[in-house]
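One structure is given here, and the rest of the page talks about it.
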Amino acid sequence: MRNELARVSRGALSSCVSLGASVRASEGSSALVQERQAAQLAQLEGQLRDRVRDMLQLQARCDAERAELSARLAEAQGELERLRAQSEEKERAAASLTQRLEALEHSSSAEQELQTLRAQTEALQFTLRDIAQTVLADKDPSVSSEAEGENLGSSLGPL
Numbered sequence: 060m061r062n063e064l065a066r067v068s069r070g071a072l073s074s075c076v077s078l079g080a081s082v083r084a085s086e087g088s089s090a091l092v093q094e095r096q097a098a099q100l101a102q103l104e105g106q107l108r109d110r111v112r113d114m115l116q117l118q119a120r121c122d123a124e125r126a127e128l129s130a131r132l133a134e135a136q137g138e139l140e141r142l143r144a145q146s147e148e149k150e151r152a153a154a155s156l157t158q159r160l161e162a163l164e165h166s167s168s169a170e171q172e173l174q175t176l177r178a179q180t181e182a183l184q185f186t187l188r189d190i191a192q193t194v195l196a197d198k199d200p201s202v203s204s205e206a207e208g209e210n211l212g213s214s215l216g217p218l
């Protein structure tokens with residue numbers, strides 16, 4: 060019985076040692092799993108921090124570009140308004156010049172008409188003088204042509 064008890068006791072001790080080893084191995088592997096999980100978690104947190112930093116940098120860059128584009132847009136709109144005002148001013152100037160040109164053309168044609176009328180009037184005056192001289196010469200042949208021309212010219216005057 061003693062032998063049996065010793066054998067049972069050794070078997071129980073062996074089982075306990077084996078169980079202890081299994082528990083320690085299991086704890087070790089569980090600790091190893093926990094360490095791996097902790098390392099993975101730390102790695103993922105690091106990646107997340109990197110991505111958040113990158114996103115914040117990208118957001119800051121986008122905000123800066125948006126501000127620059129807004130400034131350029133405002134500048135372009137100002138330039139557009141200035142060019143529109145300049146265009147309207149040029150259109151008004153062109154319309155004014157067109158009116159002045161038409162007025163000058165009208166006055167130029169009126170001036171030409173006046174010169175034509177003066178030339179025709181002079182021609183008629185010469186014709187009338189010739190007729191008057193001829194009539195006077197037919198009435199009184201003793202009157203000289205020069206005297207008649209002077210009298211007739213002063214009596215007719217400018218027409």
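Residue numbers 60 to 218, in the numbering used here, belong to the letters of the sequence shown in order. Backbone N, C-alpha and C define an ideal beta-carbon position, used for all residues, glycine too.
How many Å lie between Ala90 and Gln96 at the Cα? As a first step, residue 90 must be located in the sequence shown, where it is residue number 31. As a first step, residue 96 must be located in the sequence shown, where it is residue number 37. Going by the C-alpha atoms only, they are around 10 Å apart.
With DSSP collapsed to three states, give me the class of Met114. Sequence index remark: in the sequence shown, residue 114 carries index 55 (1-based). Reduced to three states, the DSSP call for Met114 is helix.
Whole runs of the beta strand (DSSP E) within the segment 137 to 207, excluding any shorter than 3 residues: none
Going straight from the alpha carbon of Leu187 to that of Ser166, what length do you get? Taking the sequence shown and counting its residues from 1, the one referred to as residue 187 is at position 128. Taking the sequence shown and counting its residues from 1, the one referred to as residue 166 is at position 107. Their Cα atoms are separated by approximately 31 Å.
If you run the structure through DSSP and keep just helix, strand and coil, what is Ser68? Taking the sequence shown and counting its residues from 1, one reaches residue 68 at position 9. If DSSP states are grouped into helix, strand and coil, Ser68 belongs with the helices.
Within 9 Å (strictly less), CB to CB, does Glu172 reach chain D? In the structure shown, chain D cannot be found, because there is only a single protein chain.
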